[in-house]
Amino acid sequence: MAYIHQVPAVERALRILEWIAARPEGVAPAALQARFGFSRTGLFALLNTLKAHGYLEQAGPRGPYRLGPRWWALAAQAHPEQALRELFRAEARGFAESLALLRPAGGEVVVLEAVLGTHPLVGRWAVGDRLPLDGSAPGWIFLAAHRTGPRWGRIRREGIARRRIGGLIEAAAPICPDGRHPAAALAVRLPASRAAPALFEALRAAAARLSLRLGAPAYQPYAAEPEGLSLRRLRSEEIVAFLEGPWIARLIGLRADGRPYAVPVWYLWERPALWIAALPGSRWPGYIRAHPHVTLLIDEPWPPLRRVRVEGRAVPDIFPEGPEGLAARLAARYRLESPPPGLREIFRILPERMEGRRGVIPSADR
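Every letter in the sequence shown is one number past the one before it in the working numbering, and letter 93, counting from 1, is 104.
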């Protein structure tokens, strides 16, 4: 006999989760409201509750909603291999280079899933391909866990393995469902001419997201040695490389009445300036016009815990490629389903002061 007593709020939450699960690219709140006819207040109450408990996550400010790490952690407990493959497919969307998911198998690594890049000239992976552990960047990811020497220490510190094959670069990052021990590798192949630091940052960030969605409490591959977390300043070239990664910044400044504010923003680093743009309805452009001196804080949530602080004056400006060009660049940088609409208030920040640090443990000689 069917149980007739149901909780409407739970039923609505389950319908939302099921509909988003069928759309791994993410769903905008407006689409959810149109689909289910919920009131705006009720819809956002459900979304915020699911987001607070980790069952949903949002791709940036006002971005689409996707299934969150708590959902994937439950799925991974029941069907670990299927969850890993589905997460990889969702992560691969929007990646311009050829991407592969690999697992160790004896003395080799085998390609479980592969997505071809969108560039005319790309490196290729094929599902079922087997590569030697000793002769491939994905294989090095697993060997680094127990080998000693400069190469292996560098892989453990950086969380990235790189290998040159003729005119191609092969790079891989560890996927660690427990946060520490590599169980799979996320790998990319591309012409060496396109092997920019931003790509390696994006690859490592993607591997970290996969690990966290599979249940990792934190992303710390190889249980990094204490010296890997020693507190030190970032060199100027390290700051530049870090800013090219797909991080979300916090914009901090003063309102017109002098009260502080802090809002998350997407940014684009085009040396020597950073560019930010307001989504329709944002209030912070008015704050900037009243107090143009701002601070951007950008950090990563896993070791080596790099963070950069940028101080400067934000001025309204015209992006060289226009608003549509900036929207397209942001969509590619943050791998959004579509360019953010309505970017009409654009600001350029020329850094007056820029400093960065990594780690948390003071060195013994300091």
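For glycine and all other residues, C-beta sits at the position ideal for the given N, C-alpha and C. Note that the coordinates shown come from a computational prediction; the quantities given were computed from them, not determined experimentally.
Query, Result
"Express the C-alpha separation of Ala107 and Arg77 in angstroms, rounding to a whole number.", "21 Å"
"Going by DSSP in three states, Glu311 sits in which element: helix, strand or coil?", "coil"
"Cα separation between Phe330 and Gly336?", "8 Å"
"Using a Cβ distance threshold of 8 Å, determine whether the segment 59-68 contacts the segment 19-38, with at least three qualifying pairs required.", "yes"
"My guess is that Val122 and Ala137 are in contact by the Cβ rule of under 8 Å, so how many angstroms apart are they, rounded?", "6 Å"
"Of the choices Pro202, Ala194, Gln93, Pro188, whose alpha-carbon is the least far from that of Ala182?", "Pro202"
"Does the Cβ-Cβ distance between Val126 and Ser109 come in under 8 Å?", "yes"
"For Arg377, count neighbouring Cβ atoms within 10 angstroms of its own Cβ and tell me buried if that reaches 16, exposed if not.", "Confidence at Arg377 is low in this model, with a pLDDT of 43, below 50, so the placement of that residue should be treated as unreliable; the coordinate-derived value is given next. So Arg377 counts as exposed."
"Contact check, Ala208 vs Phe153 under 8 Å by CB: the rounded distance?", "Checking the sequence, you will find Pro at residue 208 rather than Ala. About 24 Å; that fails the 8 Å criterion."
"Enumerate in chain order the residues of its own chain whose CB-to-CB distance from Val305 is below 8 Å, with the five nearest sequence positions on each side excluded.", "Leu262, Ile263, Gly264, Ile299, Glu322, Gly323, Arg324, Ala325, Ile360"
"Taking C-beta to C-beta, are Pro275 and Gly226 nearer than 8 Å?", "no"
"On the DSSP letters alone, give me the boundaries of the alpha helix (DSSP H) that Gly333 sits inside.", "333-345"
"Relative to the ligand FAD, is the shortest distance from any of its heavy atoms to the C-beta of Leu54 smaller than 7 Å?", "Looking for the ligand FAD in the displayed structure turns up nothing, as the structure carries no ligands at all."
"Between which two residues does the beta strand (DSSP E) containing Pro232 stretch?", "Taken as a continuous stretch (DSSP letters only), Pro232 belongs to no beta strand (DSSP E), as it is neither H nor E."
"In whole angstroms, what separates the C-alpha of Gly117 from that of Ala229?", "28 Å"
"Assuming Trp313 and Ala219 are in contact, meaning their beta carbons sit under 8 Å apart, how far apart are those beta carbons, in whole angstroms?", "5 Å"
"Helix, strand or coil: how does DSSP classify Ser293 here?", "coil"
"Who are the near neighbours of Ala213 in its chain, counting only those whose CB is closer than 7 Å to its CB and skipping five residues on each side?", "Gly256, Pro257"
"When DSSP labels each residue in this structure, what does Ser109 get in the three-state scheme?", "strand"
"May I ask which residues mark the beginning and end of the alpha helix (DSSP H) holding Ser247?", "247-254"
"Ignore the nearest five residues each way along the sequence and tell me which others in Ala172's own chain have a CB closer than 6 Å to its CB.", "Ala148, Trp151, Ile152, Ile166, Ala183"
"What are the partner residues of Leu361, as DSSP defines its beta bridges?", "Arg324"
"How would you call Gln93, buried or exposed, if buried means at least 16 neighbouring beta carbons within 10 angstroms?", "exposed"
"Would you identify the three-state DSSP class for Val21, choosing helix, strand or coil?", "helix"
"How many angstroms separate the CA atom of Arg135 from the CA atom of Pro296?", "44 Å"
"Name the DSSP bridge partner or partners of Glu366?", "Arg320"
"For Ala32, which of Arg243, Gly367, Tyr66 has the nearest alpha-carbon?", "Tyr66"
"For Glu332, which option in His192, Tyr345, Leu354 has the closest C-alpha, if you only look at C-alpha atoms?", "Leu354"
"Can you tell me which of the three DSSP states Ala260 falls into?", "strand"
"Going by DSSP, what residue range makes up the beta strand (DSSP E) through Ser241?", "241-244"
"With DSSP as the reference, label Arg270 as helix, strand or coil.", "coil"
"Mark Ser50 as exposed unless 16 or more other C-beta atoms lie within 10 angstroms of its C-beta, in which case mark it buried.", "exposed"
"Which residue comes first and which comes last in the alpha helix (DSSP H) that contains Ala41?", "40-47"
"What do you get for Ser222, buried or exposed, if any count of 16 or more other CB atoms within 10 angstroms of its CB means buried?", "buried"
"Which of the three DSSP states, helix, strand or coil, is assigned to Ile171?", "coil"
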